[in-house]
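Positions 0 to 486 (numbering that gives the first Met the number 0) are the ones given, in order, by the sequence shown. All C-beta atoms, glycine included, are put in the ideal place defined by N, C-alpha and C. Every value quoted in this text rests on a predicted model; they were computed, and no experiment measured them. Below: the structure, in structure tokens.
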Amino acid sequence: MIEPLIFEISRPGRCATSLPELDVEPAELPAGLVREELSLPEVSEADLIRHYTRLSQLNYAVDTGFYPLGSCTMKYNPKINEEVARLPGFARLHPYQDVETVQGALFLMYSLQAFLQEIGGFAGVSLQPAAGAHGELTGVLMMRAYHLDRGDVARDVVLVPDSAHGTNPASISMSGLRAVEVPSDERGNVDLETLAAACREHSDHLVGMMLTNPNTLGLFDEHLAEIVALVHEHGGLMYGDGANMNALLGITRPGDLGFDVLHYNLHKTFSTPHGGGGPGSGPVGASSALVDFLPGPIVAIDPERSEGDDPFFALINPPKSIGRVKSFYGHFGVMVRAYTYIRMLGAEGLRRVAEYAVLNGNYLMSQIKDVYHVPYDRTCMHEFVCEGRFPDAPGVRALDIAKRLIDYGFHPPTNYFPLIVHEALMIEPTETESKETLDRFAEALLKIAQEARTDPALLHQAPHNAPLRRLDEVRAAKELILRWQPE
Ligand SMILES: *Cc1c(COP(=O)(O)O)cnc(C)c1O
0 MIEPLIFEIS RPGRCATSLP ELDVEPAELP AGLVREELSL PEVSEADLIR
50 HYTRLSQLNY AVDTGFYPLG SCTMKYNPKI NEEVARLPGF ARLHPYQDVE
100 TVQGALFLMY SLQAFLQEIG GFAGVSLQPA AGAHGELTGV LMMRAYHLDR
150 GDVARDVVLV PDSAHGTNPA SISMSGLRAV EVPSDERGNV DLETLAAACR
200 EHSDHLVGMM LTNPNTLGLF DEHLAEIVAL VHEHGGLMYG DGANMNALLG
250 ITRPGDLGFD VLHYNLHKTF STPHGGGGPG SGPVGASSAL VDFLPGPIVA
300 IDPERSEGDD PFFALINPPK SIGRVKSFYG HFGVMVRAYT YIRMLGAEGL
350 RRVAEYAVLN GNYLMSQIKD VYHVPYDRTC MHEFVCEGRF PDAPGVRALD
400 IAKRLIDYGF HPPTNYFPLI VHEALMIEPT ETESKETLDR FAEALLKIAQ
450 EARTDPALLH QAPHNAPLRR LDEVRAAKEL ILRWQPE
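Right, here's the structure in full:
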């Protein structure tokens with residue numbers, strides 16, 4: 000059991016620091032600078048260190064344990080990324096500096112654009128968007144701009160499968176367009192017949208389709224070529240939600256599969272610490288048809304200012320750019336980490352990421368699927384979705400299983416998403432976990448399935464040994480209090 004956290008540890012006169020003796024004349028501080036009314040806590044050094052160390056230990060983190068949060072790709076983040084991001088030449092730059100003085104940073108951005116272009120099979124990449132959902136908005140605005148540029152002003156429909164991440168329809172409606180849902184078939188693919196009918200119905204209005212592949216069931220769509228052909232046939236464009244690139248790295252490229260535009264989640268696939276709302280980075284890649292619409296600025300080599308083998312990097316705006324979507328350069332610190340990650344792994348290493356991510360997904364699924372029903376039971380990619388319910392334990396829900404996992408020392412999987420699976424548990428082990436960890440996790444899940452039958456109350460009341468029990472999750476998100484204030 001963890002003791003309740005006590006915040007009121009201040010006692011008058013205690014102090015955590017001692018300043019060196021003055022070796023100059025003391026000077027009066029300007030009036031008004033010292034705010035006597037601030038009741039700053041007075042604590043000893045030991046109290047201070049213990050307070051913050053205990054706070055840090057209340058956090059569950061990728062650095063402390065297995066984090067199978069489906070779709071979020073909570074892989075281990077190599078520490079060299081952090082070291083590189085902290086190099087003063089990167090960390091102490093100022094966005095208002097003249098480009099002549101930030102050529103190293105621009106070289107990094109230029110290289111990262113080129114790496115992502117190569118990995119995704121695209122003609123160009125913009126690093127501007129702040130995260131995945133922002134990349135989606137950017138991509139959809141580019142598709143819209145493409146049609147408007149051709150004078151095709153009636154197009155306002157974007158098709159989206161019922162398995163899509165909620166941000167997809169949100170991005171469509173934020174772009175002033177209409178989302179039309181397409182159901183999945185019994186194998187977890189987009190239902191081709193309904194798709195064909197929707198394409199015909201909306202042919203003159205079709206902006207395109209947003210598709211996640213592998214989709215949020217962790218399945219590679221078996222009719223991808225037909226889907227792409229259908230949408231293109233009706234004048235639409237294919238948007239790829241690249242949050243699941245972890246399964247594809249070095250094996251196949253969305254650009255080669257027919258996607259016209261795609262966002263990457265640098266903070267998922269390319270390992271930067273994320274969660275709690277940030278930071279992220281959601282670069283967008285575009286085919287030759289859409290590359291001119293990318294948001295600027297983009298880093299390019301300026302031949303006029305380059306000398307010999309010494310390129311000069313400049314910021315440019317693509318000719319038909321939708322404009323800026325982010326201030327300054329985007330989230331540069333995340334770019335440094337992604338660049339380091341890609342350079343450390345190299346092409347072969349990136350391919351192994353995808354191979355092991357898929358292997359781990361399938362291994363874990365095989366360990367539990369006799370007990371946890373997998374409704375779309377076929378070879379999965381980097382993640383899979385099972386049901387968190389049992390016919391002979393009717394009161395137990397996915398939420399209870401998720402909370403009970405906390406007692407076993409694991410972060411719960413994603414639950415209640417995708418919406419097309421009842422009591423969904425979406426499990427993404429990632430490539431960085433060992434067989435021993437996967438075995439321990441599977442064992443915990445199997446044990447919980449037994450408890451669901453023998454002692455359901457244990458599950459309903461879980462977690463039992465976490466610092467906080469069940470939260471009001473809506474209030475916790477809407478009325479988040481991040482700051483302690485003195486009474
Ligand atoms: C995470 C995710 C997003 C959104 O990305 P953010 O960086 O969280 O905004 C979109 N689609 C899918 C499938 C995702 O997993």
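For Ile400, DSSP records no beta bridge to any residue. Within the region 406 to 474, the complete beta strand (DSSP E) runs of at least 3 residues fall at 423 to 426. No heavy atom of ligand 1 is found nearer than 7 Å to the CB of Ala224.
Here Val352 really is in contact with Asn245; their C-beta atoms are around 7 Å apart, less than 8 Å.
Every alpha helix (DSSP H) stretch that sits fully inside the region 48 to 107 and reaches 4 residues is listed by chain position as 78 to 84, 87 to 90.
Of the other Cβ atoms in all chains shown, 16 or more fall within 10 Å of the Cβ of Asp220; this residue is therefore buried. Within the chosen limit of 7 Å, ligand 1 does not reach the beta carbon of Gly239 with any heavy atom. Shown in chain order are the residues whose CB sits closer than 7 Å to a heavy atom of ligand 1: Ser70, Cys71, Ala130, Gly131, Ala132, His133, Glu135, His164, Thr166, Asn167, Thr211, Thr215, Asp240, Ala242, Asn243, Asn264, His266, Lys267, Gly279, Gly281. Judged by beta-carbon spacing, Gly131 lies beyond the 8 Å limit of Gly284, meaning their Cβ atoms are not closer than that value. A Cβ-Cβ distance of about 10 Å is found for the pair Val179 and Leu194, leaving them out of contact under the 8 Å criterion.
Within a 10 Å sphere around the beta-carbon of Arg482 sit fewer than 16 other beta-carbons, which makes this residue exposed.
In the same chain as Ile405, and ignoring 5 residues on each side of it, the C-beta atoms closer than 6 Å to its own belong to Pro462, Ala465, in chain order. The Cβ-Cβ distance between Ala129 and Ser280 falls below 8 Å.
Thr251 carries a coil assignment under DSSP once its states are collapsed to helix, strand and coil. Around the beta carbon of Pro411, 16 or more other beta carbons sit within 10 angstroms, so the residue counts as buried. By the criterion of a C-beta distance shorter than 6 Å, Tyr109 is surrounded in its chain by Val298, Phe312, once the five residues flanking it on both sides are discounted. For Gly207, the enclosing beta strand (DSSP E) starts and ends at 205 to 211. A contact between stretches requires three or more CB pairs, one per stretch, nearer than 8 Å, and the region 184 to 192 meets this requirement with the region 219 to 233.
The beta carbon of Asn167 is closer than 7 Å to those of Glu135, Val159, Met209, Asp240 in its chain, skipping five residues each way along the sequence.
Asp438 has its alpha-carbon roughly 24 Å from the corresponding atom of Ala392. The beta carbon of Ile315 lies closer than 7 Å to those of Gly295, Pro296, Ile297, Ala299 in the same chain, with the five residues before and after it left out.
Within a 10 Å sphere around the beta-carbon of Glu99 sit fewer than 16 other beta-carbons, which makes this residue exposed. Counting only the Cα atoms, Met141 lies some 12 Å from Pro317. Distance between Tyr95 and Val83, taken at the CA atoms: about 22 Å. The alpha-carbon of Ala451 is positioned some 32 Å away from that of Tyr355. In terms of Cβ geometry, Gly387 and Ala397 form a close pair [threshold 8 Å]. Contact annotation: Leu92 and Val101 have beta-carbon atoms nearer than 8 Å.
Counting only residues of its own chain and dropping the five nearest sequence neighbours on each side, Phe269 has a CB closer than 8 Å to the CB of Tyr263, Arg336, Ala337, Tyr340, Ile341.
Per the coordinates, the alpha-carbon of Cys71 lies some 8 Å from the alpha-carbon of Ala242.
Straight through space, the alpha carbons of Ile5 and His164 are spaced by roughly 39 Å.
The C-beta distance from Ala15 to Glu44 rounds to 4 Å, short enough to meet the 8 Å contact threshold. With respect to Val61, Tyr75 sits close: the two C-beta atoms are nearer than 8 Å. Each of Cys198, Glu41, Asp22 was checked against the Cα of Ile8, and the nearest Cα belongs to Glu41.
According to the DSSP assignment, Arg351 belongs to no beta strand (DSSP E) but to the alpha helix (DSSP H) extending over 331 to 367. Secondary structure of Cys198 (DSSP, three-state): helix. In this structure, DSSP gives Ala130 a state outside helix and strand, which the three-state scheme calls coil.
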